[in-house]
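**Student:**
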Ligand SMILES: CC(C)(COP(=O)(O)OP(=O)(O)OC[C@H]1O[C@@H](n2cnc3c(N)ncnc32)[C@H](O)[C@@H]1OP(=O)(O)O)[C@@H](O)C(=O)NCCC(=O)NCCS
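In my numbering, the protein residues as written are 3 to 220.
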């Protein structure tokens, strides 16, 4: 399937943000025929053990093409964070049969996750202050909210890209309602407090979260 969803908006004057989502239905050979990888990414691609990961990797390149970019416009730093050569901010995520990216003038991160019951079992690893507003009795709501919280923390981690950040100890998601489709969070790490605004949408059984750093120069 080609592009599954496109979201285009401006949060403040002079900035634009685009989110592109691909539902991966094509075979590896179909996707490969349309994408040329740069030498570094080619080596990485050939070393990937999972075909699903390879298909997701190529689907991200299909999304880049829709915005006029090729794989040659993308570079990864030593930690694996992607950067666009033209200076726009980019973040990438893939999960099962979805691949997504966000391109923005603002500092941003994105994450897509399948909503799974399993998240309840690992909640203790990434939930701390959020316990106060989570209702464990309502299991469906609990799973949906935990998935948002996880996505927010992953998105913030991708923005900051700093070793030592703990989801549980350093990133706090403030109370939110599922109907709000947005919220705020903060990172307290190494004597800095950084605020974030996040948004989320639910598609099929997936939760797509994207976050923006509010203090752009920290
Ligand atoms: C790097 C990390 C953020 C990737 O997230 P993920 O859920 O495994 O996978 P996603 O599909 O959402 O994201 C993968 C993409 O993130 C990007 N990415 C990888 N490392 C990154 C980094 N250090 N910073 C920003 N983006 C990064 C890449 O674009 C990658 O896709 P690609 O290599 O195919 O282009 C994650 O593995 C991680 O290290 N998280 C933090 C560690 C942690 O504390 N985890 C658990 C706490 S309980």
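Think of the CB as a built atom: it goes at the ideal place given N, C-alpha and C, for glycine as much as any other residue.
(1) Could you name the residues that DSSP lists as bridge partners for residue 174?
(2) Compute every distance between the C-beta of residue 84 and the non-hydrogen atoms of ligand 1, then say whether any falls below 8 Å.
(3) Just to confirm, does residue 9 get its C-beta within under 8 Å of one of the non-hydrogen atoms of ligand 1?
(4) Just checking residue 96 against ligand 1 - is the residue's beta carbon closer than 8 Å to any of the ligand's heavy atoms?
(5) Go to residue 21, then tell me how far its beta strand (DSSP E) extends in each direction, as first and last residue.
(6) Which of the three DSSP states, helix, strand or coil, is assigned to residue 101?
(7) Quick check on residue 117: does DSSP put it in helix, strand or coil?
(8) In whole angstroms, what separates the C-alpha of residue 178 from that of residue 185?
(9) Just curious, the beta strand (DSSP E) that residue 207 is in, first and last residue?
(10) In this structure, how does DSSP classify residue 1 when only helix, strand and coil are distinguished?
**Tutor:** In this structure, then:
(1) For residue 174, which the question treats as bridged, DSSP gives the partners 188.
(2) At least one heavy atom of ligand 1 lies closer than 8 Å to the C-beta of residue 84.
(3) No.
(4) At least one heavy atom of ligand 1 is nearer than 8 Å to the Cβ of residue 96, so yes.
(5) Note, residue 21: beta strand (DSSP E), 19-25.
(6) In this structure, residue 101 counts as strand in the three-state DSSP scheme.
(7) Coil, per DSSP.
(8) Each residue's alpha carbon lies about 6 Å from the other.
(9) From DSSP, residue 207 is part of no beta strand (DSSP E); its letter is neither H nor E.
(10) Nothing can be reported for residue 1: it is not among the residues displayed for the chain, which extend from 3 to 220.
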